[in-house]
Amino acid sequence: MNYSDFEACAALDLPDIQLEKLGEGTYATVYKGRSRTSNEIVALKEIHLDPEEGTPSTAIREISLMKELRHPNIVRLYDVMHTESKLMLVFEFMDQDLKKYMDIHGDRGALDPHTVRVFMFQLLKGTAFCHENRVLHRDLKPQNLLINKRGELKLGDFGLARAFGIPVNTFSNEVVTLWYRAPDVLLGSRTYSTSIDVWSAGCIMAEMISGVPLFRGRDNNDQLNQILRILGTPDDATIQRLMRDSPDVQPRAFPRMPKMPFQTLYPRAHPLAIDLLEKLLRFDPTQRLSADEALRHPYFTTSAAVAGISSPSAGLGVSGGAQQHDQQQQWNQQQQVSIYEGWLRLAQIAGHHRANVCLHD
């Protein structure tokens, strides 16, 4: 697909184009558009450029990472178009986000066990692919998980995403929406890694099971206390290890609280779902499962679970299961993404935002 393929836009002052406004975010407005050649419906993210500041860093991150991350469970970025005042990102169109799906299809927001398993499998697939390619999403939440009519769930909104490893290994702790923020980040860690996305995935799983967010703090301290009320106070060895591994974490006294079993919170959930949840939501980041390890958990790999993922019910048309996981692993090895090269290329462009930024396939 290329620039001329898209009715891109009333936003780019092209005549006789009708677009439906879908939403407005911190730095962009999203519209619904249509491809002129294929008649395909697309999502158009319009970013207004400040004449002094140029292209926002969030847009640079999103473009550079999403042009390289090709996976069935990551929203596809088709094209980028640029004028002096506007930047337009052309994405595949998704019908709704997970939050809206839960509101519409859930029982007071709670999804049935089969749907939770299918969506968690896809969430972890997309997350594992990001991590294999050294990318942290850093803002996983229901509003950033998009679902189409086939029941495919895909990671979207990489505006806070970050490549990790060389040359950078310390990050901002102002990441992840509060309710999905890991305790190590709440404590001020700037040396976090993939485990922060795993924590967010665990919070999302709990929310799909119950229909309400698991931890609903008002601020950082309240969020941490909400976590302690359920996970219990970590032992001294865990606290010392966390402070040793994350020098930015400030020493503090924790109130002594007992652990609340997840089975008590979610008595109707399957024991395997509870076991996975426990292993995603560990206070100590080094003790959380990786996304790849989570995909091999019995919650997904028992014969009944694999059959359910491979042959989902009507409206949840996902391909997958353990076999697809193995195939994706092989595909990952064959296609090495050039995250750093893409980032550097976009960073150079951002320095003079009046340049034409068309990154075609």
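Going by the UniProt record's numbering, 333 is the number at position 333 of the sequence shown; the sequence numbering is gapless.
Every residue gets a Cβ at the ideal spot worked out from N, C-alpha and C, and that includes glycine.
Between valine 42 and the set Pro72, Asp139, Thr264 and Asn148, the nearest pair of CA atoms involves Asn148. Put simply, the region 150–163 does not touch the region 213–225. Fewer than three CB pairs are less than 8 Å apart. In the three-state scheme derived from DSSP, where H, G and I count as helix and E and B as strand, lysine 86 is classed as strand.
Per the DSSP secondary-structure output, valine 42 pairs in a beta bridge with Gly33 and Glu92. Just so you know, the alpha carbons of phenylalanine 119 and arginine 256 end up roughly 35 Å apart. Note on geometry: alpha-carbon atoms of leucine 277 and leucine 123 lie some 14 Å from one another. If the five residues before and after threonine 233 are omitted, its C-beta is found closer than 6 Å to the C-beta atoms of Phe254, Arg256 and Met257, all from its own chain and listed in chain order.
Residue range 145–147 is occupied by the beta strand (DSSP E) that includes isoleucine 147. Among the bridge pairs identified by DSSP, isoleucine 204 is matched with none.
The alpha-carbon of arginine 288 is positioned some 7 Å away from that of serine 195. In this structure leucine 77 is in contact with leucine 89, their Cβ atoms being roughly 6 Å apart against a cut-off of 8 Å. According to the DSSP assignment, leucine 265 belongs to the alpha helix (DSSP H) that extends over 262–265.
Its chain contains Val75, Asn144 and Leu146 as the residues whose beta carbon lies nearer than 6 Å to that of glycine 156, once the 5 sequence neighbours on both sides are disregarded; these appear in chain order. Of the residues Pro267, His105, Arg244 and Asp235, the one whose Cα lies closest to the Cα of lysine 259 is Asp235. Boundaries of the alpha helix (DSSP H) around lysine 279: 271–280. Here DSSP, grouped into helix, strand and coil, assigns leucine 136 to strand. A residue is called buried once 16 or more other Cβ atoms fall within 10 Å of its Cβ, and proline 261, having fewer, is exposed. It is roughly 23 Å from the alpha-carbon of threonine 29 to the alpha-carbon of aspartate 103.
Every alpha helix (DSSP H) stretch that sits fully inside the region 211–238 and reaches 4 residues is listed by chain position as 220–231.
Closest by C-alpha distance to serine 85, out of Leu224, Tyr180, Ile47 and Arg117, is Ile47.
Valine 116 sits in a helix when the DSSP states are folded into three classes. Between the beta-carbon of leucine 280 and that of alanine 128 there is about 13 Å, and that puts the pair past the 8 Å contact cut. DSSP places glutamate 293 in the uninterrupted alpha helix (DSSP H) bounded by 291–295.
Across the set Ile309, Lys154 and His297, the C-alpha of Lys154 shows the shortest separation from the C-alpha of leucine 140.
Distance from the CA atom of glutamate 207 to the CA atom of alanine 110, rounded to whole angstroms, is 7 Å. By the 16-neighbour rule on beta-carbons within 10 angstroms, asparagine 73 is buried. In its chain, beyond the 5 residues on either side, Thr238 have a beta carbon closer than 6 Å to the beta carbon of aspartate 284. In the DSSP assignment, leucine 186 falls within the unbroken alpha helix (DSSP H) covering 183–186. For lysine 100, the enclosing alpha helix (DSSP H) begins and ends at 98–105. Contact annotation: glycine 126 and histidine 82 have beta-carbon atoms that are not nearer than 8 Å. With contacts defined as CB atoms closer than 8 Å, aspartate 197 and histidine 270 fail to qualify as a contacting pair. Cβ neighbours of alanine 182 within its own chain (closer than 6 Å, five residues either side excluded): Ile196 and Trp199. When the five nearest sequence neighbours on each side are left out, the beta carbons in the same chain lying within less than 7 Å of the beta carbon of glycine 202 are those of Leu277, Leu280 and Leu281, in order along the chain. In the same chain as aspartate 292, and ignoring 5 residues on each side of it, the C-beta atoms closer than 7 Å to its own belong to Ala128, in chain order. Under the DSSP assignment, tyrosine 299 falls in the alpha helix (DSSP H) whose first and last residues are 298–301. Measuring C-alpha to C-alpha distances from tryptophan 179 to each of Thr286, Met205 and Tyr192 identifies Met205 as the nearest.
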